[in-house]
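Okay, so the sequence shown: first residue is 17 according to our numbering, each after it adds one. We put the beta carbon where it would ideally sit given N, CA and C, even for glycine. Working notes for the structure below.
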Amino acid sequence: MREFFDVTVLSVLQGVAEFLPISSSGHLVIGQHMLGLDVPGVRLDLMLHFGTLVSICAFYWRTIWRITVRFEWQYVLKIALSALPAVVVYFCFKDFIEGLFENAKMVGALLMFTGAVLIGTRYLPRGSREVCWGRALLMGCAQALALLPGVSRSGMTLASARTGRVDAEAAAEFSFLMSAPLIIGGVLLEILKTLRGTSAAPAAAEIGWGLTIYGAALAAVVGYFSLAVLLRALKGRPGRWTSHANFGIISLQFLKKGIR
17 MREFFDVTVL SVLQGVAEFL PISSSGHLVI GQHMLGLDVP GVRLDLMLHF
67 GTLVSICAFY WRTIWRITVR FEWQYVLKIA LSALPAVVVY FCFKDFIEGL
117 FENAKMVGAL LMFTGAVLIG TRYLPRGSRE VCWGRALLMG CAQALALLPG
167 VSRSGMTLAS ARTGRVDAEA AAEFSFLMSA PLIIGGVLLE ILKTLRGTSA
217 APAAAEIGWG LTIYGAALAA VVGYFSLAVL LRALKGRPGR WTSHANFGII
267 SLQFLKKGIR
């Protein structure tokens, strides 16, 4: 029963925080500390991210179908270009980045950084530009920064798009689609680690397949509705979506209560 509760909480956190600009990695770290989980298990972490990838595919199936059928190679190459900065940063600073996942206080500080960036976007003008090559690379650099736990991927990419005066809806669509190569790459990387026996998590720490599949499905459903909420906020009045920064600030209250 305890495992079911833990998986449910982590799945909801993943589904909500993956798309809203509040940092899924940061909130998962805090969630694990709150639940007393040292390691959630590679399998669970892998499948939760896969669940949110399913959310992206379900929400943007028309766009994915259009790109596939028409083979819009420029759009595909822009997505590939946007993934390069994160790949380079991860392999250059892998140990440093993974070490931050053990530091809840640092995660709290990075959540504050995310909140400050989101609040700052309130003062940026809106635009109606498309995602060109330069703006795709800019959003890719923002995505690389979000490898740090507590830095929101969607928040950073949408904020960088705002600085380039990209249309909000076009920026959101590109932001979520550009995450697909990294999620798929991370999934394949973890599968390889598991097959080679080099995974950091011991087998005993893994949660059973039944609960894992349940968690992935729940993360997918929650993630789908989180996407809908964010897009509705982006279409609203300027700066409205920055209120989600409050989630990150609220999370810091747990750190003040002595979470270790």
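Query                                                                                                                        : Result
The region 86–103 / the region 119–136 touching (three or more Cβ pairs under 8 Å)                                           : no
Which of helix, strand or coil DSSP assigns to THR24                                                                         : helix
Whole runs of the alpha helix (DSSP H) within the region 115–192, excluding any shorter than 4 residues                      : 120–136, 149–161 and 169–179
TYR76, DSSP secondary structure in three states                                                                              : coil
Own chain partners of PHE75 with C-beta closer than 8 Å, once the 5 adjacent residues on each side are dropped               : PHE192, TYR240, LEU243 and ALA244
Same chain only: Cβ atoms within 7 Å of LEU140, ignoring 5 sequence neighbours per side                                      : ARG178 and THR179
Chain-order list of residues whose beta-carbon lies under 6 Å from that of PRO165 (same chain, five-residue window excluded) : SER41, GLY42, VAL45, LEU116, PHE117 and VAL123
ALA99 beta carbon less than 9 Å from that of GLY156                                                                          : yes
SER170 Cβ short of 8 Å to the ligand FAD heavy atom set                                                                      : Because no ligand of any kind appears in the structure shown, any question about the ligand FAD cannot be addressed here.
Short Cβ contact (9 Å threshold) for LEU64 with GLY231                                                                       : yes
CB of PHE66 within 9 Å of CB of ILE223, strictly                                                                             : no
Residue burial classification, MET194 (beta-carbon count within 10 angstroms, cutoff 16)                                     : buried
C-alpha distance - ALA102 paired with GLN159, whole-angstrom precision                                                       : 6 Å
Beta-carbon contacts of THR130 that lie in its chain and below 8 Å, excluding the five residues immediately before and after : PRO37, ILE38, SER39, GLY42, GLY166, VAL167, SER168, GLY171, MET172, ALA261 and GLY264
ASP61 to LEU204 span [Cα, whole Å]                                                                                           : 13 Å
Coil, strand or helix - ILE229 by DSSP                                                                                       : helix
Terminal residues of the alpha helix (DSSP H) in which SER39 lies                                                            : Premise fails: SER39 is in no alpha helix (DSSP H) and is neither H nor E.
C-beta atoms of VAL104 and VAL147 nearer than 9 Å                                                                            : no
Residue burial classification, GLY31 (beta-carbon count within 10 angstroms, cutoff 16)                                      : buried
Span of the alpha helix (DSSP H) around ILE95                                                                                : 89–108
Same chain only: Cβ atoms within 6 Å of PHE20, ignoring 5 sequence neighbours per side                                       : none
Residues near ARG145 in its chain [Cβ-Cβ closer than 7 Å; skip 5 each side]                                                  : GLY180, ARG181, VAL182 and ASP183
For VAL70 and ASN119, the rounded distance between their alpha carbons                                                       : 30 Å
Coil, strand or helix - GLU296 by DSSP                                                                                       : Nothing about residue 296 can be reported from this structure: the residues present for the chain run from 17 to 276 only.
Inter-residue spacing [alpha-carbon to alpha-carbon] between LEU208 and PHE107                                               : 16 Å
Reference ALA249; option with closest CA among ALA236, LEU174, ARG212 and VAL237                                             : LEU174
Nearest-angstrom Cα separation, counted from PHE190 out to LEU154                                                            : 12 Å
For GLY202 and GLU88, the rounded distance between their alpha carbons                                                       : 25 Å
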